[in-house]
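Peer 1:
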Amino acid sequence: MAKVGVSLIGKSFSPVLLLFLLISACSSGKAPPNAGAPKGVPVKLQTVEQGTVLESSEFLGNLEAENRVDLRPEAEGRVQQIFVSSGSNVSVGTPIVQLSFGKSQAEVGGAVANVSAAIASRNNAEAQIKAVEAQRVSDAANVELQKQQFQRISGLVAQGALPKQQLDQVTRDRDAASAALNATDEKIRAARATLDQENAALQQAQSTVTSRQEDLRETKVVAPIAGVVGNVTVKVGDYVKTTDILTSIIQNKTLNLSLGISTNQANQLRVGLPVQLMGTNGNDILTTGRISFISPQVNNDQQILAKASFPNGEGILRDGQRVRAQVIWNKNMGVSIPTTAVSRIAGENFVFVAQGQTDSKLVAKQKPVKLGEIKGNNYQVIEGLKPGEKIIVSGLLNLTDGAPIIPQAQAGSSPKSSPSP
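Numbering of the sequence shown is given in the working numbering, commencing with residue 53 and proceeding in unit increments.
#1: Report the partner residues of A416 according to the DSSP bridge assignment.
#2: Please list the terminal residues of the continuous beta strand (DSSP E) segment that includes I458.
#3: Please classify D453 as buried or exposed, where buried requires at least 16 neighbouring CB atoms within 10 angstroms.
#4: Roughly how many angstroms lie between the CA atoms of V261 and A252, to the nearest whole one?
#5: Can you tell me where the beta strand (DSSP E) with R130 in it begins and where it stops?
#6: Taking K427 and L106 to be in contact with their CB atoms under 8 Å, please state how far apart those CB atoms are, rounded to whole angstroms.
#7: Give the secondary structure of E196 by DSSP, where H, G and I count as helix, E and B as strand, and everything else as coil.
#8: Is the beta carbon of V375 sitting closer than 8 Å to the one on L115?
#9: Q102 lies in the beta strand (DSSP E); which residues open and close that run?
#10: Rounded to whole angstroms, how far is the Cβ of T315 from the Cβ of I277, which I believe are closer than 8 Å?
#11: Are the CB atoms of G279 and I302 nearer to each other than 8 Å?
#12: Under the assumption that L307 contacts E118 (Cβ atoms under 8 Å), give the Cβ distance between them as a whole number of angstroms.
#13: Which two residues bound the contiguous beta strand (DSSP E) that contains L423?
#14: What's the gap between the Cα of V394 and the Cα of P459?
#15: Identify the continuous beta strand (DSSP E) that holds G312 and give its terminal residues.
#16: Where do the N-terminal and C-terminal ends of the beta strand (DSSP E) with N430 fall, by residue?
#17: Quick check on G207: does DSSP put it in helix, strand or coil?
#18: Indicate the three-state DSSP secondary structure (helix, strand or coil) for G92 in the structure shown.
#19: Anyone know if the C-beta pair for Q328 and A377 falls short of 8 Å?
#20: Check whether the segment 166-175 touches the segment 200-211, taking contact to mean three or more Cβ pairs, one atom from each stretch, closer than 8 Å.
#21: Which residue's Cα is closest to the Cα of V288: E441, Q150, R124?
#22: Which word fits R322, buried or exposed, when buried means at least 16 other C-beta atoms lie within 10 angstroms of its C-beta?
#23: Determine the burial state of A54: buried for a count of at least 16 other Cβ atoms within 10 Å of its Cβ, exposed for fewer.
#24: Do you know offhand how far R241's Cα is from L197's?
#25: Assign G341 to one of three DSSP states: helix, strand, or coil.
#26: On the three-pair Cβ rule with 8 Å, is the segment 397-412 touching the segment 441-453?
#27: Taking the beta strand (DSSP E) that T99 falls in, what are its first and last residues?
#28: What are the boundary residues of the beta strand (DSSP E) that P215 is part of?
#29: Considering only their Cβ atoms, is the gap separating V379 from S108 smaller than 8 Å?
#30: Which runs of the beta strand (DSSP E) fall wholly inside the segment 221-285 and span at least 3 residues, in chain order?
Set out below in structure tokens:
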């Protein structure tokens, strides 16, 4: 018990006051309740390690299928049957939609009947030609006969063996035979002209049949490419025109992403550069593709259009999907630290580094750092930290330079590297 000196000379105290002074004096000799507890701010530490640091640029965009076809009917009509549903896998030639074909079917029947009639007319014209050609043979023989008769009679008349009247008769017969032959030749020419007309009419009728049959085929819409059926926008009973989109066929095996690259990075841009597609959280890599096209022109925004192609064999990506892409310009060795380890004071970036001989005697040492780009939840460190140093990643608001710290369960190591593209 501590000794208490109380001067009572010339003083008068009540017994209660004396008792309070004695109790206070005794209590002042006891140790504070937390006198033996360790002092310091509880924090989590993380070891800085060297790894691959990516020099990259980030873009937002929508994926586009390399092959996509919007299906429109080639003829107007009412939807009679739908053979597929959205999401179906189809091959080339798979029926998609059947339109009503009542009018087209009737037109085909009429055209076929016209062909039959044209064939009959042509056959009749051919028969007419054969008939008049046979007649010509007879007429030509008669002409030859009449010529011979004329020569014989004319000789006899000249000799006085026959009267001149007989010569006149054979002359008329010869001329009549020649006239008949000429008339037959004219019939042959007319018959051949008729045959040409009938052949032309037959060809026209056959073309009409082909056209009507094509119209009939056009009422069935089929898949022009293999792929996945998109949203079917019509239903049975709808009347559609040739401008209406019925659905789409999409090939998602390869997807493209258009990128607007600044002209400042034109010297780094080249075909084959890796491009990573990131998840919605900005950390997970969905897939890696390559720059496949670079436009030779600069647009009005002073950007160069580039396209990146991504394989999609597993089908995890979709046409039109909004994605975050990262073009990898270069890879270097360096360090990255969590954003939670960085504090800003007067526009400068600082981190707290744990210093001391043992974990029980650590203090927080404030160090300025020069940071690069932020990637996900980490900063790239350009200057200020070395591999092996331990940085504080929690409790920064309670820290001051030189403050003692108490390490909790360590947060692990800093990210060693970014995934290789």
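Built from N, CA and C at the ideal position, the CB exists for glycine as well. Predicted model only: the values in this text are computed from it and were never measured.
Peer 2: According to the structure shown:
#1: A406
#2: 456-459
#3: exposed
#4: 14 Å
#5: 129-134
#6: 7 Å
#7: Reduced to three states, the DSSP call for E196 is helix.
#8: yes
#9: 102-114
#10: That belief does not hold up - the Cβ atoms of T315 and I277 are roughly 37 Å apart, past 8 Å.
#11: yes
#12: 7 Å
#13: Counting along the chain, L423 sits inside the beta strand (DSSP E) bounded by residues 422-427.
#14: V394 and P459: Cα-Cα distance of roughly 18 Å.
#15: Note, G312: beta strand (DSSP E), 299-314.
#16: 430-435
#17: Here DSSP, grouped into helix, strand and coil, assigns G207 to helix.
#18: G92: coil per DSSP, three-state reduction.
#19: yes
#20: Pairwise C-beta distances place the segment 166-175 out of contact with the segment 200-211, as fewer than three of them are shorter than 8 Å.
#21: Q150
#22: exposed
#23: With a pLDDT of only 41 at A54, under the threshold of 50, the placement of this residue in the model should not be trusted; the figure read from the coordinates follows. A54 should be labelled exposed.
#24: 24 Å
#25: strand
#26: yes
#27: Going by DSSP, T99 is part of the beta strand (DSSP E) stretching over 97-99.
#28: It is not in any beta strand (DSSP E) - P215 carries neither H nor E in the DSSP assignment.
#29: yes
#30: 272-274, 279-281
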